[in-house]
Structures are given as C-alpha cells and as structure tokens.
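Here the structure is laid out as structure tokens; the discussion comes afterwards.
Protein chains: 4
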Amino acid sequence: MKLAISCQLDYEIEQNTPLILMLRPRSGSGQWIIKEEYLLEPSVPVSEYTDLYGNLCQRLFTPQGSFTIKTSAVVEVTEQIDVDFSANFVPVQELPDESLIYLLPSRYCESDKMGNLVTTIVKDTQTGYEQVETIRQWIYENIRYEYGYSNASTSAQNTSEGRVGVCRDFSHLGVALCRSINIPARFVVGYLHELKPMDLHAWFEAYLGGRWYTFDATQTEPKGNRVVLAYGRDAADVALATQFGNMELVSMFVNVEQAQE
Amino acid sequence: MKLAISCQLDYEIEQNTPLILMLRPRSGSGQWIIKEEYLLEPSVPVSEYTDLYGNLCQRLFTPQGSFTIKTSAVVEVTEQIDVDFSANFVPVQELPDESLIYLLPSRYCESDKMGNLVTTIVKDTQTGYEQVETIRQWIYENIRYEYGYSNASTSAQNTSEGRVGVCRDFSHLGVALCRSINIPARFVVGYLHELKPMDLHAWFEAYLGGRWYTFDATQTEPKGNRVVLAYGRDAADVALATQFGNMELVSMFVNVEQAQE
Amino acid sequence: MKLAISCQLDYEIEQNTPLILMLRPRSGSGQWIIKEEYLLEPSVPVSEYTDLYGNLCQRLFTPQGSFTIKTSAVVEVTEQIDVDFSANFVPVQELPDESLIYLLPSRYCESDKMGNLVTTIVKDTQTGYEQVETIRQWIYENIRYEYGYSNASTSAQNTSEGRVGVCRDFSHLGVALCRSINIPARFVVGYLHELKPMDLHAWFEAYLGGRWYTFDATQTEPKGNRVVLAYGRDAADVALATQFGNMELVSMFVNVEQAQE
Amino acid sequence: MKLAISCQLDYEIEQNTPLILMLRPRSGSGQWIIKEEYLLEPSVPVSEYTDLYGNLCQRLFTPQGSFTIKTSAVVEVTEQIDVDFSANFVPVQELPDESLIYLLPSRYCESDKMGNLVTTIVKDTQTGYEQVETIRQWIYENIRYEYGYSNASTSAQNTSEGRVGVCRDFSHLGVALCRSINIPARFVVGYLHELKPMDLHAWFEAYLGGRWYTFDATQTEPKGNRVVLAYGRDAADVALATQFGNMELVSMFVNVEQAQE
Numbered sequence: 001m002k003l004a005i006s007c008q009l010d011y012e013i014e015q016n017t018p019l020i021l022m023l024r025p026r027s028g029s030g031q032w033i034i035k036e037e038y039l040l041e042p043s044v045p046v047s048e049y050t051d052l053y054g055n056l057c058q059r060l061f062t063p064q065g066s067f068t069i070k071t072s073a074v075v076e077v078t079e080q081i082d083v084d085f086s087a088n089f090v091p092v093q094e095l096p097d098e099s100l101i102y103l104l105p106s107r108y109c110e111s112d113k114m115g116n117l118v119t120t121i122v123k124d125t126q127t128g129y130e131q132v133e134t135i136r137q138w139i140y141e142n143i144r145y146e147y148g149y150s151n152a153s154t155s156a157q158n159t160s161e162g163r164v165g166v167c168r169d170f171s172h173l174g175v176a177l178c179r180s181i182n183i184p185a186r187f188v189v190g191y192l193h194e195l196k197p198m199d200l201h202a203w204f205e206a207y208l209g210g211r212w213y214t215f216d217a218t219q220t221e222p223k224g225n226r227v228v229l230a231y232g233r234d235a236a237d238v239a240l241a242t243q244f245g246n247m248e249l250v251s252m253f254v255n256v257e258q259a260q261e
Numbered sequence: 001m002k003l004a005i006s007c008q009l010d011y012e013i014e015q016n017t018p019l020i021l022m023l024r025p026r027s028g029s030g031q032w033i034i035k036e037e038y039l040l041e042p043s044v045p046v047s048e049y050t051d052l053y054g055n056l057c058q059r060l061f062t063p064q065g066s067f068t069i070k071t072s073a074v075v076e077v078t079e080q081i082d083v084d085f086s087a088n089f090v091p092v093q094e095l096p097d098e099s100l101i102y103l104l105p106s107r108y109c110e111s112d113k114m115g116n117l118v119t120t121i122v123k124d125t126q127t128g129y130e131q132v133e134t135i136r137q138w139i140y141e142n143i144r145y146e147y148g149y150s151n152a153s154t155s156a157q158n159t160s161e162g163r164v165g166v167c168r169d170f171s172h173l174g175v176a177l178c179r180s181i182n183i184p185a186r187f188v189v190g191y192l193h194e195l196k197p198m199d200l201h202a203w204f205e206a207y208l209g210g211r212w213y214t215f216d217a218t219q220t221e222p223k224g225n226r227v228v229l230a231y232g233r234d235a236a237d238v239a240l241a242t243q244f245g246n247m248e249l250v251s252m253f254v255n256v257e258q259a260q261e
Numbered sequence: 001m002k003l004a005i006s007c008q009l010d011y012e013i014e015q016n017t018p019l020i021l022m023l024r025p026r027s028g029s030g031q032w033i034i035k036e037e038y039l040l041e042p043s044v045p046v047s048e049y050t051d052l053y054g055n056l057c058q059r060l061f062t063p064q065g066s067f068t069i070k071t072s073a074v075v076e077v078t079e080q081i082d083v084d085f086s087a088n089f090v091p092v093q094e095l096p097d098e099s100l101i102y103l104l105p106s107r108y109c110e111s112d113k114m115g116n117l118v119t120t121i122v123k124d125t126q127t128g129y130e131q132v133e134t135i136r137q138w139i140y141e142n143i144r145y146e147y148g149y150s151n152a153s154t155s156a157q158n159t160s161e162g163r164v165g166v167c168r169d170f171s172h173l174g175v176a177l178c179r180s181i182n183i184p185a186r187f188v189v190g191y192l193h194e195l196k197p198m199d200l201h202a203w204f205e206a207y208l209g210g211r212w213y214t215f216d217a218t219q220t221e222p223k224g225n226r227v228v229l230a231y232g233r234d235a236a237d238v239a240l241a242t243q244f245g246n247m248e249l250v251s252m253f254v255n256v257e258q259a260q261e
Numbered sequence: 001m002k003l004a005i006s007c008q009l010d011y012e013i014e015q016n017t018p019l020i021l022m023l024r025p026r027s028g029s030g031q032w033i034i035k036e037e038y039l040l041e042p043s044v045p046v047s048e049y050t051d052l053y054g055n056l057c058q059r060l061f062t063p064q065g066s067f068t069i070k071t072s073a074v075v076e077v078t079e080q081i082d083v084d085f086s087a088n089f090v091p092v093q094e095l096p097d098e099s100l101i102y103l104l105p106s107r108y109c110e111s112d113k114m115g116n117l118v119t120t121i122v123k124d125t126q127t128g129y130e131q132v133e134t135i136r137q138w139i140y141e142n143i144r145y146e147y148g149y150s151n152a153s154t155s156a157q158n159t160s161e162g163r164v165g166v167c168r169d170f171s172h173l174g175v176a177l178c179r180s181i182n183i184p185a186r187f188v189v190g191y192l193h194e195l196k197p198m199d200l201h202a203w204f205e206a207y208l209g210g211r212w213y214t215f216d217a218t219q220t221e222p223k224g225n226r227v228v229l230a231y232g233r234d235a236a237d238v239a240l241a242t243q244f245g246n247m248e249l250v251s252m253f254v255n256v257e258q259a260q261e
C-alpha cells in the first residue's frame with residue numbers, strides 16, 4: 001500500500017535552542033520512500049548525519065519566535081507484517097555481531113531486572129517466536145493503555161510495576177523482557193495507519209530465526225502498514241525531537257492515510 | 001538559492017538486470033533537501049544502503065521491457081563556492097584519518113604516474129590552495145572539452161596524454177594531480193545550475209586548511225549552485241547507475257532550474 | 001612510562017556459555033601497545049569484532065570445566081593527564097556529530113533525573129572544565145568508596161541517593177551529572193598504575209574545548225599512567241566480560257607495574 | 001597450527017616522513033592473535049585507526065636517521081583452506097551490500113578491461129567456485145613468476161599483457177578477472193608458512209556461496225597456514241608501508257615458522 005504520512009510541529013521559542021530531529025524516514029527493507037518533503041519555517045541551516053544505528057538525524061539551531069517543522073512523505077509499505085511461529089531462538093553464540101548491542105540493558109529497558117517477571121510470563125512457552133508473542137500478548141492484556149501516567153523518565157521497570165502506560169512504555173517493556181531471555185530486541189518509532197487516536201507511534205522488533213520481526217503490544221493483532229522513522233536501543237536513542245533547552249511545543253499534528261494514486 | 005533538479009532515465013530491458021543507483025541526494029553541509037521524489041515505473045522492490053563513503057545507494061532488480069526512473073528534488077544550495085587562497089597545505093601527518101584514503105591512487109586516478117606532469121604545472125606555485133587552483137586552471141586551459149574521445153575506461157593518465165575529454169575526465173585528472181602532491185582529493189557527481197548543455201556533472205574537491213574545497217576544471221570561474229549526489233575516490237565509486245548486465249538506455253533527461261517559491 | 005598490565009580470570013563452568021570479552025586494549029591517542037598476549041586455556045575458537053564505539057570485542061563459547069583467560073600487555077602511556085581549566089563548554093550546536101550520543105541518558109546514567117542535584121553542585125561555577133572538575137570533586141567528597149553496597153544493577157541515581165559505591169558507581173554519577181548540563185561524557189574502563197587495592201578500574205571522560213579530558217572521581221588529584229580497555233556510554237556497553245549463562249568466576253588477578261626495559 | 005611470524009624493516013631517513021603502516025594483524029575468522037609485539041626504534045608517537053575495510057593502520061611521523069620497525073606475533077591459524085566446488089555463483093541482486101564494493105574496478109584491477117580475456121579462460125566452466133579456480137589455475141600456468149618485471153605501478157592489465165610478475169601481480173589479475181564476471185574479489189596481504197623465498201605475501205579471496213574463499217595463484221595447490229594482515233580492493237588499499245616522502249628501506253626481514261609450544 002502507498003501511505004501518505006505527515007507530521008507538523010509548531011513551537012514557540014524564547015531563546016535559540018539546539019535541536020536534533022529524526023523525522024526523515026529511510027528506504028529500507030519493507031518501505032520505499034517515493035516522495036518526501038521537509039520544511040522549516042522560517043528556514044534555518046540544517047546539517048544531517050547518520051547515527052550509530054543508521055538513522056538520519058537533522059541538527060539545527062532553532063530561531064526565536066514561532067517555528068514550524070513540516071514533514072510529509074509518500075511511502076510504499078508492506079500491508080502485513082510477517083508472523084512466523086517457527087522462527088527459532090538464535091543462541092547468543094550464533095547471533096550476528098551487530099545484533100549483540102540489542103541484548104544489553106539500556107536507559108528505559110532494564111533487562112537486568114526482568115528475570116522474575118519474564119520467568120512467570122514465558123514459563124510454559126516454546127523458545128523463539130512464541131516467547132516473544134507471549135510477552136507481547138501479556139503486555140497487551142496486563143498493562144492498561146492510558147495517557148498521563150508515564151513521562152519521559154518512565155522505564156520498563158516502572159511500567160512493570162505501575163501496569164499503565166502508552167505505546168512507548170509498552171514497547172520498552174517488550175524490549176526489556178526479550179533481552180532478559182537473550183533475545184535481541186530493538187525499539188522502533190514511526191507511523192501506523194489507522195492508529196487511534198492518530199499520533200506518532202512506537203513498537204518493537206525481536207531477532208528470531210535470522211531476521212527481525214515486528215511486534216506491537218498495543219494492538220490486538222498483527223498489523224502492517226507501518227512507516228519506520230528510526231531504530232534504537234530505546235526511546236533515548238530515537239527521540240523524534242531532542243531539544244537542548246526550553247522550547248514550547250504549542251501544537252502537533254500527525255496524519256497517515258492511503259495515498260492517492 | 002532553491003534549485004529544482006530532475007533526472008529521468010528510460011531503459012529498454014531484455015532481461016532482468018541487477019542495478020545500483022546513486023540518485024538520492026543527501027542533506028549535508030551546503031545543501032538541504034526540501035523535497036524529493038523517486039519513482040520507478042513499473043514499480044519494483046528496492047533496498048537502500050549507505051556505502052563506505054556515506055552515499056545512499058538504491059539496489060534493485062529491473063523488470064523486463066520498458067523501465068523508467070524519475071527522480072526530482074528541490075534543494076536549498078549555496079550560491080557561491082568558497083574560494084580561499086590562504087587555505088594551506090595540510091601535512092600528511094596532520095590530516096584527519098578519514099581523509100587519508102583520498103591520497104591513494106584509484107582506478108581512474110593514477111596519481112602514482114603524475115609526478116612529472118604535476119611538477120611542471122605547480123613548480124612556481126605556493127603550496128596549498130594555489131596549487132590546486134593552478135592545477136584546475138591548467139586543466140581548463142590544456143584539455144579540450146569534447147565528447148566522443150573518452151569512454152568508461154578512460155583514466156586520468158589517458159586524459160593527460162590525449163588532452164581531450166569531458167567533465168568526468170577533467171575531474172579525474174584534477175584528482176590524480178592533487179593526490180600526486182599529497183593533497184587529498186575526491187570525485188563528486190551531481191547537478192550544476194546553468195550547465196551547458198544541461199547534464200549530470202562531475203567535479204572535484206580538495207582538502208586544504210582543514211576542510212574540503214570545491215574545484216571545477218570545466219568552468220572559467222568559481223560557480224556555486226551545485227547539488228551533490230555522491231562523493232568517492234573516482235567515477236568507479238560513484239557511478240549514478242551501475243548495471244550488471246545489458247540494459248539499453250534509450251533516453252535520458254536532466255534538468256536544473258531555480259525553484260518556484 | 002611503559003606499563004606492564006595483566007589480568008587473569010579463572011572460571012568453573014558447568015555448561016558451555018556464550019561470552020563476550022573486551023580485554024584487548026587498542027593503540028590510540030595516549031597509549032601505544034608495544035606487546036600483548038591473550039591466552040585461553042583450554043584453547044577455543046574466538047572471533048573478534050569492533051563494536052559501535054570502536055572497541056575490540058572477543059566472542060567465544062566457553063568449554064565446560066576449568067577455563068582460564070590470561071591477558072597481558074606492555075603499553076607506552078602518558079604519565080600525566082591533561083588538566084585545563086580554560087577548556088570551554090562546547091555549545092550543543094557546535095559539538096561534533098559523533099559526540100552527541102554521549103549526551104543521552106543511558107542504563108546506568110539517568111541524566112534526565114539529575115537536574116536538581118547538578119544545579120546544587122555547579123551553581124557558582126564557571127561553565128566548562130571547571131564544572132566537570134567541580135562535579136568530580138563533589139563526588140569524591142560526598143560519595144563513600146566502599147565495596148558491597150552496589151551491584152550490577154546500581155545506577156547513578158541509586159548512587160546519588162545511597163552516597164556509597166565503587167569506581168563504577170562514581171563514574172556513572174560523574175557521567176550522568178555532566179550529561180545533565182549538556183556536556184558529553186563517556187565511561188571508560190581500564191587499568192590504573194598504583195591503584196589500591198589493585199583491580200580493573202573505571203573512570204570517565206568529558207568533552208570540553210574540542211577534545212576529551214580524563215576525570216577520575218575516586219582519586220584525590222589528577223593521575224596519569226592509565227591504560228584504556230574500552231569506551232562506552234556506561235558499564236552496560238563496556239563490561240569486560242559479558243556472560244550469557246551461569247559461569248562461576250573462581251578467581252581474578254589484576255596487576256599493573258612499570259615495565260622492565 | 002600456531003605460527004610465529006615476524007617482520008623487520010630498517011630505514012635510513014634523511015627527513016622526517018609521514019608513514020602509514022598496516023602491520024598489526026587482527027583476530028578474525030580463521031586466525032587468533034595469541035601474542036604480538038610491535039616495536040619502533042627509536043620510539044616515536046603513533047596513532048592507530050581502523051580504515052574503511054576494517055584494517056588497523058598505524059600512523060607516525062618518522063624520525064631522521066636510522067629507524068627500525070619490528071613486529072612479531074604468534075597466531076593460531078587454519079592449516080587447510082576451504083575448497084568447495086559446490087560453492088555457487090551469487091547473483092548480484094543477492095549479494096550482501098558490503099560485498100558490492102568488491103565488484104568495482106580499482107587502481108590495479110581494471111576489471112572493466114578483462115572481458116575478452118576472462119571469456120577465453122572460463123568459457124567451458126561451470127559458474128561459481130569452478131570459475132575462480134579455473135582463473136587461478138590459468139594465472140598459475142600462464143604468468144611467469146619472476147621479480148624485476150613489475151613495479152608499484154603495474155596493474156592487472158599490464159600483467160595480462162606482459163605475462164610476468166610476482167604475487168602482487170598474480171593476485172591483481174585474479175581479482176580483476178573475477179570482478180569482470182561479477183564475482184566479488186578482494187586482495188589480501190599477509191604471511192604464508194613455507195613460502196619460498198620467505199617474504200610478505202599477497203593472494204586473493206572470492207565471494208561464493210555466501211562466504212569468502214581463499215585463492216592463491218602463485219601456488220600449485222591449496223595451502224593453509226596463512227596470517228592475514230589486511231584486506232582491500234587492491235594493493236593501493238593495503239600497502240603494508242605507505243610513505244609520503246623519501247625514505248630508504250635498507251633491509252627487510254620476514255620470517256614465518258611453527259611456534260614453539
């Protein structure tokens with residue numbers, strides 16, 4: 001399917017502020033960027049670099065006053081995500097070098113503290129895809145999706161205790177639980193078609209049977225039509241806008257719809 | 001200035017052929033991609049990766065029959081390139097690690113064979129920017145710009161002997177001569193506003209005084225309004241379309257104009 | 001000075017276990033590896049890769065039974081670390097791209113939670129080197145160095161509350177506090193000559209005035225004669241031995257002394 | 001087998017000269033560095049970096065006068081190289097991204113000019129491993145191994161015409177012929193046990209059936225017991241010593257023998 005995505009951020013800025021954005025999707029496996037637009041109003045100099053995970057990052061120094069970032073794209077995406085219960089657990093000694101970093105604990109995914117919880121969840125489960133799917137479903141059933149209970153400092157452990165959160169928290173918990181049983185897991189941010197209410201979204205991927213699989217603990221069932229913006233260890237790596245100073249986000253608008261041919 | 005660039009390649013293909021393209025410009029120092037479009041007709045799966053030099057490369061397996069690639073972009077560019085006769089020669093021991101590869105000879109830039117020629121050209125010249133500018137000017141004055149005398153196998157040495165070539169050959173010679181006096185030099189492909197006749201273009205950059213400077217041996221004087229598509233050691237690294245099999249390019253169209261606000 | 005370093009790890013292993021080691025120092029600015037030895041007894045196949053931070057990592061699958069890892073090296077090091085109170089704070093918009101990752105919170109360095117503490121510590125301090133030195137000294141004076149109060153899950157926040165810990169905890173806290181005021185900071189593991197009691201050690205570096213400076217909150221005053229084994233965001237990145245299963249470390253021996261000429 | 005390798009370079013230097021060395025072998029698939037020594041006499045500051053291909057490079061600025069570089073290592077190596085006539089040709093569209101650079105022509109491997117020659121050589125050959133082995137054998141039988149006919153500027157094309165050369169030339173020709181039929185091929189430098197006369201050596205690798213295989217056109221039959229120093233596109237990338245100025249190499253000594261247990 002071709003998706004038309006767009007995101008607009010409106011700021012009021014008292015003082016020039018360094019800002020790092022990750023709002024330019026890359027073509028990769030499963031998505032092809034047909035068309036893209038990236039506007040800053042007023043226009044300011046921007047540089048772009050690739051981070052350690054391969055994401056494109058835009059650096060700029062914001063102007064004072066009203067500042068608007070508008071991005072949009074038309075992306076060819078996969079309508080269905082792959083589900084494969086035969087995808088096996090890959091023993092650590094056989095994992096590719098570049099996946100190993102996704103086994104380590106990170107700021108919001110304290111996998112070193114998930115041992116007891118994960119044991120309860122996956123105790124009767126076959127190793128591999130089924131473990132991750134069981135984790136995903138456990139989160140879906142046991143964590144309440146509600147705004148206002150978590151913030152930028154909330155971690156997987158906090159969520160495992162509070163049992164409430166949003167997509168970011170659901171994904172952190174999924175990632176942390178996978179890593180605690182030595183399954184590489186990474187945090188993904190992007191767009192999801194027909195998400196309700198519409199917003200930017202977060203989910204996670206787990207490395208099984210020699211490749212990455214998509215999991216989304218906020219959804220009843222597997223859903224495709226996703227556009228990835230960035231991959232990382234957790235939300236610290238892939239904040240869509242990291243500001244180094246005070247900037248007021250006065251409004252934000254996100255839209256995803258089927259593109260007109 | 002905002003430039004609207006576009007490039008269309010029309011192929012007739014008898015047999016499915018692997019193809020690697022480098023037609024997606026990246027935002028970087030001196031250019032910001034405001035808008036971009038990349039269409040394949042018919043649509044086929046594409047994957048994209050970053051090569052060793054940081055360029056975005058698109059990989060695909062072409063269909064049989066008529067196949068069209070259309071790319072376009074609106075890019076904010078610098079109207080004037082920096083000219084700085086005080087930019088000094090950086091001794092090899094002070095060069096940044098990542099520039100060292102641009103001192104080595106490469107397929108089309110046999111810097112190991114340029115010793116005699118470069119000595120004649122720069123003999124009374126101050127080291128640094130002036131050397132490169134002298135090389136650039138020597139090429140401009142001594143190599144005849146004419147199509148039909150060079151091909152995909154023509155190297156800097158061939159051009160130094162034949163004294164005729166096109167932008168690719170001019171740039172290879174410039175690169176080879178710079179490297180032969182231990183100035184890192186790289187080959188650049190992209191678009192140039194008001195190039196006559198309009199086409200994709202090649203020029204080169206030399207590392208002086210702690211940064212890269214742009215040089216174009218095909219032009220009388222320094223001209224900005226360039227959009228970089230890719231950097232590399234020479235044309236082998238940055239072929240805009242590398243095909244691994246027979247594909248007939250039946251027509252090609254390139255355009256660069258000032259963008260409408 | 002030439003330092004002779006050595007480290008021996010003796011394990012008793014019930015079941016073959018994947019293991020990742022970071023025990024091979026690299027030559028770099030400030031240290032040159034003259035001689036090195038790396039023995040595994042019994043010998044098993046090992047592969048080596050470079051992680052995202054440039055560290056050399058050794059991967060292996062341990063045998064069952066007694067297993068010993070012996071590494072040693074002779075390294076030319078700097079006797080004094082640079083101290084420069086004129087090294088200024090680099091505004092985020094001027095930081096090199098590759099330093100930005102060291103501004104983000106990480107597993108053991110919750111810089112997002114250090115705002116109040118850091119304000120107290122550096123409130124009357126000039127920005128730049130003096131801030132970091134003030135942080136370093138505050139830790140030295142306010143955190144008690146004692147074994148047994150922290151473990152593999154202890155983070156900077158825990159240490160800021162408990163006010164007790166070891167070199168790892170001191171360094172995590174230093175890193176977290178620096179990041180909270182937008183100074184890139186990284187965690188370092190390695191050897192320190194005349195450390196008492198002798199052991200592997202951890203300290204931190206902060207990016208000031210265009211380069212990295214060494215800080216060690218466990219020491220009264222600046223001390224050189226260090227051998228770096230690895231750099232990372234925090235101890236999660238640079239565990240000298242990451243084991244994925246049960247392996248009993250029965251003894252460990254570390255030595256650092258001046259090398260015989 | 002454990003091999004003890006050593007290499008000593010003695011220079012007489014009139015003027016301080018920048019020098020880049022690639023004399024530190026890395027542990028990797030098929031070799032494990034047990035012990036290593038790297039001495040410079042007199043001692044000078046050295047920095048080390050990893051190049052685009054993953055090789056460790058040592059940079060220094062030589063002193064004037066006599067200068068000696070001594071490296072030695074004990075390396076666990078594979079006694080036999082893998083030979084597998086069932087390793088198939090990997091179509092370009094299925095090659096891993098990172099192998100693609102080894103399809104391109106390079107300074108000493110003008111694969112773009114090898115079309116006629118390669119067709120003669122492999123015309124009745126099954127695609128895949130057999131093609132490369134046929135190329136290797138053709139070189140062995142048709143190129144005379146003799147010193148004094150080739151130099152630092154000699155390329156694969158020169159060798160295909162002159163029909164004489166040394167290991168470097170044999171390998172360049174092997175690489176160029178493989179690439180001309182779309183088989184990724186890379187140039188390797190290192191040590192070979194029982195090479196006669198003893199010296200540093202060069203050979204090549206080809207990518208077949210999903211991995212790299214070793215080929216050596218200077219030998220009658222497959223021989224293991226090799227220590228790799230560096231991989232690259234050709235000798236330009238992996239010169240063991242690249243000097244940027246005049247330095248006289250007054251003597252050179254290389255030794256490879258079985259290590260004493």
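Residue numbers (full-length UniProt numbering), protein chains in the order written: chain A, 1 to 261; chain B, 1 to 261; chain C, 1 to 261; chain D, 1 to 261.
Idealized CB from N, CA, C, for every residue including glycine.
What you are looking at is a predicted structure, and each value in this text was computed from that prediction instead of being measured.
Alpha-carbon to alpha-carbon, residue j and residue i
i: D51(C); j: T17(C); result: 20 Å
i: I34(B); j: I121(A); result: 47 Å
i: D216(D); j: P91(D); result: 24 Å
i: E183(B); j: Y108(B); result: According to the sequence provided, residue 183(B) is Ile. The question's Glu does not apply to it. Those two C-alpha atoms are separated by around 17 Å.
i: I143(B); j: Y149(B); result: 12 Å
i: L249(A); j: I5(B); result: 34 Å
i: Q93(B); j: L60(D); result: 7 Å
i: E98(D); j: C57(C); result: 21 Å
i: L117(D); j: L104(D); result: 17 Å
Contacts of residue i in chain C (Cβ-Cβ under 7 Å)
i: W32(D); result: V46
Presumed contact (8 Å Cβ cut-off) between residue i and residue j, rounded CB distance
i: Q31(D); j: V228(D); result: 6 Å
i: E130(C); j: S66(C); result: About 51 Å; that fails the 8 Å criterion.
i: F89(C); j: G115(C); result: With 8 Å as the limit, F89(C) and G115(C) do not qualify as a contact, their Cβ atoms being about 17 Å apart.
i: G224(C); j: V83(C); result: Rounded, the Cβ-Cβ distance is 10 Å, inconsistent with contact.
i: P96(D); j: P63(D); result: The Cβ separation is near 43 Å, so there is no contact.
Beta-carbon gap between residue i and residue j smaller than 9 Å
i: M22(C); j: N55(C); result: yes
i: S251(D); j: V46(C); result: no
i: I135(D); j: C167(D); result: no
i: F204(B); j: T220(B); result: no
i: V254(C); j: L173(C); result: no
i: F244(D); j: L40(D); result: no
Continuous alpha helix (DSSP H) stretch holding residue i: start and end
i: S171(A); result: C167 to S180
i: L117(B); result: G115 to V122
i: N142(C); result: Y129 to N142
i: N158(B); result: A156 to G162
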